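Engineer: In my numbering, the protein residues as written are 296 to 499.
1. Based on DSSP bridge pairs, tell me the residues matched to residue 315.
2. For residue 541, tell me which candidate among 469, 440, 444 has the shortest Cα-Cα distance.
3. Rounded C-beta distance between residue 366 and residue 487? I'm assuming under 8 Å.
4. Which first and last residues belong to the alpha helix (DSSP H) in which residue 455 is found?
5. What's the C-alpha gap between residue 424 and residue 445?
6. Pick out whichever of 378, 354, 400 has its Cα sitting closest to the Cα of residue 458.
7. Using beta-carbon positions only, say whether residue 331 and residue 357 come within less than 8 Å of one another.
8. With 16 other CB atoms within 10 Å as the buried threshold, where does residue 438 fall?
9. Are the beta-carbon atoms of residue 393 and residue 382 separated by less than 8 Å?
10. Roughly how many angstroms separate the alpha carbons of residue 460 and residue 471, rounded to a whole number?
11. Pop quiz: residue 417 and residue 389 are said to be a contact at Cβ under 8 Å. What is the actual Cβ separation, rounded to whole angstroms?
12. May I have a chain-ordered list of the beta strand (DSSP E) segments no shorter than 3 residues that lie completely inside the stretch 365-437?
13. Which value, in whole angstroms, describes the spacing of the CA atoms of residue 377 and residue 426?
14. With H, G and I counted as helix, E and B as strand and the rest as coil, what does DSSP make of residue 474?
15. Consult DSSP for residue 323 and reduce its assignment to one of helix, strand or coil.
16. Which term fits residue 350, buried or exposed, when burial requires 16 or more other beta carbons within 10 angstroms of its beta carbon?
17. Residues bridged to residue 345 by DSSP?
18. In angstroms, rounded to a whole number, what distance separates the CA positions of residue 483 and residue 422?
19. For residue 298, name the three-state secondary structure that DSSP assigns.
20. Check whether the Cβ atoms of residue 397 and residue 374 sit closer than 8 Å, and answer yes or no.
21. Output the distance between the C-alpha atoms of residue 285 and residue 447, rounded to the nearest integer angstrom.
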């Protein structure tokens with residue numbers, strides 16, 4: 296393992312000589328996962344736990360980092376801090392599992408279960424000509440959603456780019472299916488766009 300580096304999300308350093316990066320999250324901007332992956336980074340460590348009890352835009356940004364890094368098959372070292380009864384950990388089970396769930400006596404068991412069911416592509420989306428398809432296996436069965444409504448697809452792209460301030464009405468169908476999660480007055484997109492296909496790809 297090479298020496299780890301530390302960077303701010305708002306001004307990422309190149310990591311040509313390191314495969315591990317510690318990220319300080321300060322500004323709600325898109326995470327340059329593609330840039331870091333091409334630079335050779337394979338492990339990302341978050342500086343602070345993700346708070347689901349009273350989530351801020353920074354917490355949503357941290358979850359974006361986990362989501363986008365997971366899509367590239369990167370290892371993510373992160374923690375869930377305070378949890379929320381309105382968000383089940385199964386709704387995050389497509390993300391790289393955390394190393395700790397704070398304040399939960401069942402945290403160790405939940406993480407073990409998380410690892411048992413985790414694989415790349417468990418909840419993902421892909422773009423087609425004039426449509427967008429989401430495939431969700433978080434409940435261990437495949438459910439497919441095909442979006443063709445331009446405004447709904449545009450809202451999903453906004454969320455994917457790190458804009459957590461879309462209106463509830465704009466993403467209502469995705470909220471109902473728990474593909475978008477309400478985090479206070481913010482909204483967070485659960486599925487990630489497939490970047491690296493698993494082998495065999497038919498599992499997706």
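Just so you know, even glycine gets a beta-carbon here, dropped at the ideal spot from N, CA and C.
Given the structure is predicted, the values throughout are model-derived calculations rather than measurements.
Structural biologist: The relevant details are as follows:
1. 338
2. The question about residue 541 has no answer, for the chain in this structure spans 296 to 499.
3. 4 Å
4. 445-455
5. 12 Å
6. 354
7. no
8. exposed
9. no
10. 18 Å
11. 4 Å
12. 370-372, 418-423, 426-431
13. 37 Å
14. coil
15. Because residue 323 carries a pLDDT of 46, less than 50, the predicted location of this residue cannot be relied on, and the following value inherits that uncertainty. In this structure, residue 323 counts as coil in the three-state DSSP scheme.
16. buried
17. 375
18. 19 Å
19. Note on residue 298: pLDDT 35, under 50, position unreliable in the model; no value is reported.
20. yes
21. This structure leaves residue 285 out entirely; the chain is present only between 296 and 499.
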